Amino acid sequence: MVALAIFATASIALYSAVQHITRNSAGLSERTQALWIADNRLNELRAGMLAPGKERQEQRVEFGGRQWWLLTDSEPAPDSRLLKVSVRVSPLASLDDARQYSRAHLVGFIEAQP
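Just add 4 to the spot in the sequence shown (first one is 1) and you have this note's numbering.
Below is the structure:
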């Protein structure tokens, strides 16, 4: 009877640990993909493949078999030769929710166009 109680307690603890690891792994995967999307956008802007907008740009992109919201803000940097670009990425379906919650947020500087 004692061995059965010990086995039941150990099984519950192991099940709880597996659930915790699974949740953390899924969150880490989602955050990694969101960071890749944000980094890709900053690099596209730095390379001149895209022109930075004067105001917020909101775009729906597909990456890793999922839909993501990509929100890009540009503003003048303290150095007039640069622009400060803020990129946020959200996996949420609603644009209003995506504006309030982002899974990744990167800030970078690019050369300002004369």
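C-beta atoms are modelled at their ideal positions from N, C-alpha and C, and glycine is treated no differently.
Since this is a predicted model, take the numbers as computed values, not measurements.
{"Query": "Cα-Cα, which of I41, P82 and W73 is closest to F113?", "Result": "P82"}
{"Query": "What residue range does the beta strand (DSSP E) around R92 cover?", "Result": "L86 to S94"}
{"Query": "Keeping to the same chain, check which residues put their C-beta closer than 7 Å to that of V65; ignore five residues upstream and five downstream.", "Result": "I41, W72 and L74"}
{"Query": "Evaluate contact between the segment 84-91 and the segment 21-30, counting only Cβ atoms and requiring at least three cross-stretch pairs below 8 Å.", "Result": "no"}
{"Query": "Rounded to a whole number of angstroms, what is the C-alpha to C-alpha distance between L46 and Q37?", "Result": "14 Å"}
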